[in-house]
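Structure, as structure tokens:
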Amino acid sequence: MIRTSQKRKISSYGIYFVILFVILVIFGYYIISSKNSYEPKAPITDTQFALNTVVSVTIYDSTDTSILNGAFELCNKYEKIFSRTLESSELYKLNHSSQLTSEVSADLASLVKTGLEYSKSSKGAFDISIAPVSQLWDFTAEDPVVPVQTKIKAALSHVGYQNFTINGTTLSRESKEEQLDLGAIAKGYIADRIKEYLLNQGVKSAVISLGGNILCVGNKNGEPFNIGIQAPFKEHNKTLASIKVSDKSIVTSGIYERCFTKDGILYHHILNPKTGYPYENDLSSVTIISDKSVNGDALSTTCFVLGLEKGMSYIDSIDDTYAIFVNSEGKIYYSEGLEQEFSMKKNS
Ligand code: AMP
Ligand code: MG
48 MIRTSQKRKI SSYGIYFVIL FVILVIFGYY IISSKNSYEP KAPITDTQFA
98 LNTVVSVTIY DSTDTSILNG AFELCNKYEK IFSRTLESSE LYKLNHSSQL
148 TSEVSADLAS LVKTGLEYSK SSKGAFDISI APVSQLWDFT AEDPVVPVQT
198 KIKAALSHVG YQNFTINGTT LSRESKEEQL DLGAIAKGYI ADRIKEYLLN
248 QGVKSAVISL GGNILCVGNK NGEPFNIGIQ APFKEHNKTL ASIKVSDKSI
298 VTSGIYERCF TKDGILYHHI LNPKTGYPYE NDLSSVTIIS DKSVNGDALS
348 TTCFVLGLEK GMSYIDSIDD TYAIFVNSEG KIYYSEGLEQ EFSMKKNS
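All you need for the working numbering is the position in the sequence shown, starting with 1, plus 47.
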């Protein structure tokens, strides 16, 4: 028979036991969860040919491959809007329609608006209405040819960003021969949309690469990403410098990307809207480091067409945006503060 005082003793032991058990469970959970947060997960990655280039997405903090699939679905969605060459795309239909005023999708309206702003601020050295000329050139053809001058001259008469206006989602042009080429900015816009999507899926650490144009999501296990700057005309893994970045976009425009040589002359894909021929300005590439990739993409092409001096002072006038210019001899020039901000290391 158990006496009342003994009973009290046993029930107080019980309470101590429950408290101890709860403490142990909390402690155990803390140890397991803290161990997990310090143990990096193996990244998941996928690489596909999309947007006329090699696209890869790597996620460092999730094992859910359906998120990768979603990212590539976005590439396809935007290719069907912005492609100049895909006959079923919204832009292709717009370029080839006989209408002068059209209602366009919100994405197309937004990108055209950005493109027209950069066209204006570069005074037409960058010009998204270059399409009549750019469609005469095929830099990826097996046997590329230099277009005949009479055709280039005729096409040039239809180039001029001032002929386009965008009002909300209403796009107008002055004649049906005028067409748009968003090749200089679309990849940046798409990278920004993919990043937005990854963040909405809870991803905090990832790298998006659209043909070598990089957009970082956060950092990698608490450390900045180490990004190599491509050496012009070298194999894809040859870099001339590296920078440490978190959450930034790194976009390069170069004359080595889409080009061909004929009779000893190199023809590349960044065209002068005044002549219809590739720009000749002693630059091999321009890399822009910025927050938004659409700005980096627009600025890499814009700074290329402005050349070293004008391009560099343009970049120095924009907050939180940096540039690396490489000339034809491989000499590197970089904008104020870049070396310190991103621990830039030049490769010998
Ligand atoms: P990126 O590789 O971003 O520098 O863009 C180059 C692409 O922009 C070309 O392949 C053309 O589609 C387009 N483009 C070429 N010349 C110009 C120019 N002067 N202004 C705007 N876009 C251009
Ligand atoms: Mg660009």
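Glycine included, every Cβ here is placed at the ideal spot set by N, Cα and C.
What does the alpha-carbon distance come out to for the pair residue i and residue j?
i    : j    : result
T212 : P90  : 44 Å
F74  : V264 : Here the model assigns F74 a pLDDT of 48, short of 50, so the residue's position is not dependable and the matter cannot be decided.
T299 : T368 : 13 Å
F351 : V195 : 25 Å
S382 : S144 : 43 Å
T105 : I114 : 10 Å
L147 : E189 : 35 Å
I128 : D363 : 33 Å
S181 : R305 : 12 Å
Q387 : V292 : 12 Å
D338 : D344 : 11 Å
T92  : E356 : 39 Å
G269 : P191 : 47 Å
Tell me whether residue i, by its Cβ, gets closer than 7 Å to a heavy atom of ligand 1.
i    : result
T334 : no
T132 : no
D185 : no
P191 : no
H205 : no
H316 : yes
P320 : yes
R305 : yes
G259 : no
Using a Cβ-based criterion (distance less than 7 Å to any ligand heavy atom), does residue i qualify as near ligand 2?
i    : result
D344 : yes
S360 : no
I274 : no
T94  : no
T298 : According to the sequence shown, residue 298 is Val rather than Thr. Yes, the Cβ of V298 comes within 7 Å of a heavy atom of ligand 2.
Is the beta carbon of residue j closer than 8 Å to that of residue i?
i    : j    : result
L227 : I175 : yes
I297 : I255 : no
L257 : V102 : yes
K309 : V193 : yes
I34  : I290 : In this structure the chain extends from 48 to 395, so residue 34 is not present and cannot be described.
L451 : A233 : No information on residue 451 is available, as it lies outside the stretch 48 to 395 that the chain covers here.
M391 : A288 : yes
A98  : E137 : In the sequence under discussion, the amino acid at residue 98 is Leu, which differs from the Ala named in the question. Against a cut-off of 8 Å, the Cβ pair of E137 and L98 comes out as no contact.
T334 : I371 : yes
Y236 : L158 : yes
At least one CB of chain C closer than 8 Å to the CB of residue i: is that the case?
i    : result
V341 : In the structure shown, chain C does not exist; there is a single protein chain.
Measuring only from the beta carbon, is residue i closer than 7 Å to any heavy atom that is part of ligand 3?
i    : result
S347 : This structure lacks ligand 3; the ligands present are ligand 1 and ligand 2.
- Query: Which runs of the beta strand (DSSP E) spanning at least 3 residues fall entirely within the segment 136–166, listed in chain order?
  - Reply: 148–150
- Looking at C-beta atoms only, is the number of pairs between the segment 170–188 and the segment 311–331 that lie closer than 8 Å three or more? Yes: the two stretches touch, three or more of their Cβ pairs being nearer than 8 Å.
- Contact the segment 113–133 vs the segment 229–248: 3+ CB pairs below 8 Å: Short answer: they touch.
- Can you give, in chain order, each stretch of the beta strand (DSSP E) that sits fully within the segment 245–313 and has at least 3 residues? 253–257, 260–264, 272–277, 286–292, 296–301, 306–309
- Message: I'd like the ranges of any alpha helix (DSSP H) spanning at least 4 consecutive residues and lying wholly in the segment 168–217.
- Response: The segment 168–217 contains these whole alpha helix (DSSP H) runs: 178–181, 196–203.
- Item | Continuous beta strand (DSSP E) assignments of at least 3 residues falling wholly in the segment 308–393 | 312–315, 330–337, 369–374, 379–381
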